[in-house]
Amino acid sequence: MNQTMLSILAFAPLVLAAVLLVGFNWPAKRAMPAVLILSVVIALGAWGMSANRVMASILQGLILTGAVLWIIFGAILLLNTLKHSGAIKAIRGGFANISPDRRVQVIIVAWLFGCFIEGASGFGTPAAVAAPLLVALGFPAMGAVMLGMMVQSTPVSFGAVGTPIVVGVTGGLDKAGISAQLLANGSEWETFYRLITSEVAITHALIGFAIPLLMCAMLTRFFGRNKSWREGLAIAPFALFGGLAFVLPYAAAGVFLGPEFPSIIGALVGLSIVVPAAKMGFLLPKKTWDFAEAKDWPVHWMGSFEIKLDQLTAKAPMSVGLAWLPYLLLAGLLVLSRVHPGVKAFFSNNLVLGWSNILGEKGLSGSIQFLYLPGGIMIMVVLATFLLQRMKLSELKAAVNESSRTLLGAGFVLMFTIPMVRILINSGVNMADLPSMPRAMAELVASSVGSIYPFFAPSVGALGAFIAGSNTVSNLMMAQFQFDTAQLIGVSGALLVAVQAVG
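Heads up: the sequence shown is residues 163 to 665, going by my numbering.
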């Protein structure tokens, strides 16, 4: 079989995923097992991988899946805990009287608070949390959902406390092989990893500062009584101020702290600056903008959506400060566990489940650091929240049950997706003396597209996210391919992996 055919065959699992998920509209729980089976067949038949190495790769993928699910569980559990404690209701109430201008509410609630929820919880939660809040404030449901989707941009690469980078990029790269290359060139993995994080943060910041203005313009154009772009653009000074208040600390956190922090810190700093500025009328237009009366809205703007206000008022009132305290505690513990050497060592070296040289395959290892991973820290915060906000045991139990149900759906799909990715990455060790499958894919792209490929690299990341419905899974599938392509065309591997994450 010639090199071109091998490269096309290497693409086959990803093509099958696209065809089944997009073309045939199969649910991921049906499509991904089929994709894993095809990957195993190609690995054993065409690539000459040993059955032992394929099985070791599957086990490595399952360990990595456990790490991902631990983070997801912690993130969703914290959000559900705050919902049952009444903290989310208090946070919502704190936004209600900042400004009557709907554009200001977009910048503070949809943009800054949405970015914070994405940074803390990820996995689509801004749409689930910020959109209902906007409806409660008087937005049409369709407009609220549109804004919730638009905020899934700048903060996503560092969503769920950095999961797309911490798990997606790290798990999607051949860490052992790249580390050996870096060491031969006088560098190391940590430097390479920090460079990727920095480039992701800076690239997002260069674009992200304008997102709030675009959100306001879309709102006034499609949901305003005058259908006017100009009414949205009229708030440009304040919107750009709100964008910069987020992206500047966001970029700084990405460069100096690591992937767990940009979205959380950017949003916290942004809220602390923009909310007081809005109350003082800083940079606000003289004319307040609002929707037409609700009775004049088209029926499809609201559909069958309703907010059950009895559910929002079931808990006794809580102060806004106490409501935000768990998130501040989360940010503090994350910084401490990443920056302080002693605390970092304690979190990294305790409660670790690992397997080195799985099934005797040299270099194939996996571990779950239950304390160091963000999931463990978020569960600590959940326990603190239970005490600080005087929750009932039944409320905590309800939060755990809801989070567990959410985990089951995601977990089943990832149990097939991540092992498939690890088979592709580990396929470089084989009896046919072939390059790994991502390398074979990269060779075809490099020979076909050449030096202009970097212009298309973000689109590959976007396509992966469209197919998989997840930034993290897109990075898992495509990061090694992007790195190998970069090497073949002579550009920075860190740069192409970064634009993969941004795309």
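Cβ coordinates follow ideal geometry from the N, Cα and C atoms, glycine included.
Pick helix, strand or coil for residue i, following the three-state DSSP scheme.
i	result
V544	helix
P438	helix
L515	strand
Q531	strand
A602	helix
Q473	Reliability of the predicted coordinates at Q473 is poor, the pLDDT of 48 falling under 50, and the value obtained from them is presented with this limitation in mind. Correct three-state label for Q473: helix.
L526	coil
N242	helix
S636	helix
S247	helix
E280	helix
G416	helix
V271	helix
V653	coil
V313	coil
S609	helix
Q684	This structure does not reach residue 684, given that the chain is present from 163 up to 665, and the question cannot be answered.
N164	coil
P288	helix
E468	Unreliable placement is indicated for E468, whose pLDDT of 49 sits below 50; the coordinate value is still reported in the next sentence. Residue state, collapsed to three classes: coil.
M211	coil
P175	helix
F617	helix
M194	helix
V591	coil
M480	coil
L658	helix
F371	coil
W459	coil
W188	coil
H366	helix
Anyone know if the C-beta pair for residue i and residue j falls short of 8 Å?
i	j	result
G432	G404	yes
A594	W209	yes
L496	V230	no
A272	L299	no
L445	F400	yes
E280	S434	no
L492	V562	no
G623	S636	yes
G420	T325	no
L182	I580	no
P744	T547	Outside the displayed span of the chain (163 to 665) sits residue 744, for which this structure offers no information.
I364	A413	yes
If we define contact as Cβ-Cβ less than 8 Å, is residue i a contact residue for chain C?
i	result
G185	Although the question refers to chain C, the structure presented lacks it and comprises just one protein chain.
Here's the rule: buried if 16 or more other CB atoms are within 10 angstroms of the residue's CB, otherwise exposed. What is residue i?
i	result
N214	exposed
V461	exposed
I614	exposed
A454	exposed
E605	buried
Q551	buried
H502	exposed
V436	buried
I640	As written in the sequence, residue 640 is Met, which differs from the Ile given in the question. It is buried - the Cβ of M640 has at least 16 other Cβ atoms within 10 Å.
K668	Outside the shown range of the chain, which is 163 to 665, sits residue 668, and nothing can be said about it.
L513	exposed
T166	exposed
Please work out which residues of its chain come closer than 7 Å, Cβ to Cβ, to residue i, disregarding the five sequence neighbours upstream and downstream, and give them in chain order.
i	result
P600	L586, I587, Q642, F643, D646
L471	Low confidence applies here, because L471 scores a pLDDT of 38, under 50, leaving its location unreliable; read the following figure in that light. Taken in chain order, the list of residues that qualify is empty.
E361	A656, L657, A660
I469	A caution first: I469 carries a pLDDT of 45, below 50, which makes its placement in the model too unreliable to give a value.
G284	A237, G321, A322, T325
F509	S499, L533, Y534
I629	A179, A180, L183, V184
G256	V482
G626	S636, M639, M640
F418	none
Using a Cβ-Cβ cut-off of 8 Å (strictly less than) and excluding sequence neighbours within five positions of residue i, which residues of its own chain qualify?
i	result
G286	Q314
S201	P175, M582, I585, L586
K191	G571, F574, V575
A379	W391, G394, L395
F467	With a pLDDT of only 49 at F467, under the threshold of 50, the placement of this residue in the model should not be trusted; the figure read from the coordinates follows. Only V297, A303 meet the Cβ criterion.
Output needed for residue i: all residues of its chain with C-beta closer than 6 Å, excluding positions within five of it in sequence on either side, in chain order.
i	result
G330	T634, N637, L638
L526	A218, Q222, I520
L168	A602
Are the segment 327-334 and the segment 394-404 touching, with three or more C-beta to C-beta distances below 8 Å? Flag = no, the segment 327-334 and the segment 394-404 do not touch.
Hey, is the segment 302-312 in contact with the segment 517-528, meaning 3+ C-beta pairs nearer than 8 Å? no
Would the segment 262-277 and the segment 438-452 be scored as touching if the rule is three or more Cβ pairs under 8 Å? yes
At least 3 beta-carbon pairs within less than 8 Å: the segment 235-242 vs the segment 361-380: no
Would you call the segment 648-665 and the segment 186-206 in contact, with 3 or more CB pairs under 8 Å? As far as the Cβ criterion goes, the segment 648-665 does not touch the segment 186-206, which means the pair count is below three.
Segment contact, 8 Å Cβ cut-off, at least three pairs: the segment 247-263 with the segment 337-357: No, they do not touch.
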